[in-house]
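Quick notes on the structure that follows.
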Amino acid sequence: MLLFDWFHENNLDVERLNYGIITMLPKVAGADKMQQFKPICLLRCIYKLITKVLTIRLEPHVDVLFSRHQNAFIKNRDIMDGIMSLHEILHHTYAQKKKGIVLKLDFEKAYDKVNWEFLLECHSKRNFDPRWIDWIRRILVGGTISVKLNDEVGEYFQSAKGVRQGDPLSPFLFNLAADCLTKMVLKAQENGMFTGLATDLVENGVAILQYADDTILCFEDNVSNALNIKLLLYIFEIMSGLKINFLKSEIFLVGADDDTMRNYADMLNCEIGAFPIKYLGMPVSYPGLKWSDWIFVDDKFISHGESWISESLSSGGRLIKVNAVLSHIPSYYMSMALIKKSTLEKWDKPRRKFFWHRKGRKGYHMVKWTRVCRSKAKGGLGVKDLRKQNISLLAKWWWKLEKKKGLWQDIVKAKYLRRTSVAKVKQKAIDSPYWKNILKVKEHYMAGRGVVLKKGNIASLWLDDLGENILLKDRYPDLFEICLDKECTVDKVESMNHLTSFRRRLSPAMLQKWDEMKKYVLDKICGDKNDEVYSKLDNSREYSTKSMYRWLERILAGAHYNWIWGTKIPLKIQIFLWQLFQNSILTRDNTRKRQWHGDPKCSFCDELESAQHLFFGCSVAKIVWRMVGAVFCTSYIPKTI
């Protein structure tokens, strides 16, 4: 604590702690040029403690500090928000038969080039306290670094610009500098210097999307727009010290011809790109993705799976590898698209092959993969079922739409929910491919969605539980059957008329039921606040992919073998016991079912070898059990599995 007191009172000589070693990490295999290496700075722990405390102080305020166009390192913002926003913008531009330009910027060594005076000026313009600005100045200025190359540490020298990768505070400092570009773009839009895309969805249109230094600029097809953009980027370079590598930057055009593309590429001095855009590791295209656009995921499976197959891993080691690595490779991509069944089967193949492999020979698949992909509570090995995982990840977008705020939410609400609600929205032919995917998992989300009724603007009259664990459609099925609007919200019930809200005139008995139901609902409405959405699948009342996955498994039946998983024995033995109790170990009777043509008899006797015989029926097994009984002072000998 004394250290922090000294720092707080400006009595600590930070320069004595502020030194680090830059280690060069290759970005690609066989890297032999400086541009192919990524510098990571290794800093002293004491220095990082100081910057970590500053980071903790800053984190609660970053949501209001940075614009909604920046999604990096900010709580409640997601790397995928920018990708989904870009897709909806491109699709909307294409569907409206408009022409749009997308410029994907490449910053050269972004973290290493930030001008310190510019960064401190950004703090000042955001009304940071002078003491805070002085703290930032002290941790930036006076640092010494050395470069480690070929295991040799070079001489130390003073740095003059940039923020260090490896410092907990650096991402927020860089965001502060990068957000200045966003402010400039938004100000230029307000002054009519250029127009963003999707102006009918978002005021002035969307002109910039950022994730740290990964920046996308969008503007309408207009030469003056392009010239103003380039001028603005040059000004930003001079101010911030950041350098944009236009030769590596790419330009993409929606609805434009080749000549127009070449003109813009020459004007901006950048490359012509082709759809799909690879943005933040995800292919994005306005007409949707083809199966060939997912081939790069197959390569990831190969690189993580094949290289390990020849190594000596037990079944427990292989299961850990499948769960920890191979099952997580497609998760990022399954969060944004409902993957086709054929593609999922293709991605499952390397997982199956890796798990059942035996070194030097073919591995028999002893248990159906669908059973392996059950949770342990449902009788499986806990390997993720890719289809259920895909649904769980996609359904989270509905939760974000109802509970979070952001650019993607504003775009979707303006594009698809302008005259409807989440409960009512239906798929239309003009919807974007990603939105169609999200709509396909809506029924799963709605099944686990609950609503706390207040003024009734969100809760569905017929389809939501209003507090007694029974839906009104089940309580009054005859009224629900003839109701014209089966998805109306609770706040509409007061204006509903028994003469116009049903397909036919109500009988006296049904009219009495309607009056009873209407009174019941009106008594439930309380206050003038919006209804609150919550998840019924988890005690926290928050949506999680884990709780949705567990709910999707609810219909599965089977023995759980909890006594095996709770036993303190090696994982490979647990897996063997799990297979044994399903008669799925490599006994000769099982291998003959899989086209093995060897002798099916036991090696110790002339009887057919099976799991039952091998462990209990064979004379050798009986001797072993007697020896075990002698050790534990018991005469009991088990007869069957």
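To get my numbering, take the position in the sequence shown, counting from 1, and add 4. The beta carbon of each residue, even a glycine, is placed where N, CA and C say it ideally should be.
According to the neighbour-count rule (16 or more other Cβ atoms, all chains shown, within 10 Å of its Cβ), is residue i buried or exposed?
i	result
residue 219	buried
residue 508	exposed
residue 331	buried
residue 70	buried
residue 627	exposed
residue 406	buried
residue 601	exposed
residue 649	Residue coverage of the chain in this structure runs from 5 to 645, which leaves residue 649 outside it and unanswerable.
residue 230	buried
residue 516	exposed
residue 96	buried
residue 559	exposed
residue 493	buried
Which residue's Cα is closest to the Cα of residue i: the options?
i	options	result
residue 83	180, 412 and 540	412
residue 326	441, 308 and 348	308
residue 557	378, 292 and 233	378
residue 299	615, 351 and 62	351
residue 261	184, 102 and 207	102
residue 394	421, 432 and 349	349
residue 228	621, 296, 125 and 272	272
residue 317	328, 359, 414 and 55	359
residue 434	425, 420 and 424	420
residue 284	118, 75 and 467	75
residue 518	167, 497, 603 and 35	497
residue 14	28, 329 and 54	54
residue 9	30, 35, 57 and 43	57
residue 340	237, 279 and 445	445
CA-CA distance, residue i and residue j?
i	j	result
residue 189	residue 86	17 Å
residue 368	residue 593	13 Å
residue 170	residue 305	29 Å
residue 314	residue 361	With a pLDDT of 48 at residue 314, under the threshold of 50, the modelled position of this residue cannot be trusted, and the question is left open.
residue 545	residue 538	5 Å
residue 689	residue 77	Because the chain is modelled from 5 through 645, residue 689 falls outside the range shown and cannot be assessed.
residue 450	residue 549	14 Å
residue 157	residue 22	17 Å
residue 195	residue 41	41 Å
residue 561	residue 132	59 Å
residue 547	residue 129	38 Å
residue 26	residue 250	27 Å
residue 356	residue 391	15 Å
residue 185	residue 240	7 Å
residue 485	residue 400	31 Å
residue 266	residue 225	13 Å
residue 274	residue 109	9 Å
residue 148	residue 60	25 Å
residue 193	residue 174	29 Å
residue 1	residue 31	Only positions 5 to 645 of the chain appear in this structure, which leaves residue 1 out of reach.
residue 606	residue 631	21 Å
With a Cβ-Cβ cutoff of 8 Å, do residue i and residue j count as a contact?
i	j	result
residue 482	residue 461	no
residue 452	residue 382	no
residue 216	residue 179	yes
residue 269	residue 255	yes
residue 448	residue 552	yes
residue 92	residue 416	yes
residue 410	residue 72	yes
residue 569	residue 372	no
residue 319	residue 477	no
residue 301	residue 333	yes
residue 532	residue 457	no
residue 143	residue 18	yes
residue 615	residue 587	yes
residue 563	residue 491	no
residue 233	residue 107	yes
residue 258	residue 51	no
residue 387	residue 465	no
residue 714	residue 111	This structure cannot speak to residue 714, because the chain is shown only from 5 to 645.
residue 374	residue 295	no
residue 629	residue 641	yes
residue 45	residue 168	yes
Opposite residue i in the DSSP bridges: which residues?
i	result
residue 432	Looking at the DSSP assignment, residue 432 forms no beta bridge with any residue, so it has no partner.
residue 282	287
residue 559	Paired residue(s): none; residue 559 is not in a bridge.
residue 218	215
residue 453	539
residue 4	Absent from the model: residue 4. The displayed extent of the chain is 5 to 645, so no value can be given.
Below 7 Å, is the gap between the Cβ of residue i and the nearest heavy atom of the ligand MN?
i	result
residue 333	Ligands are entirely absent from the displayed structure, and the ligand MN is therefore not among its contents.
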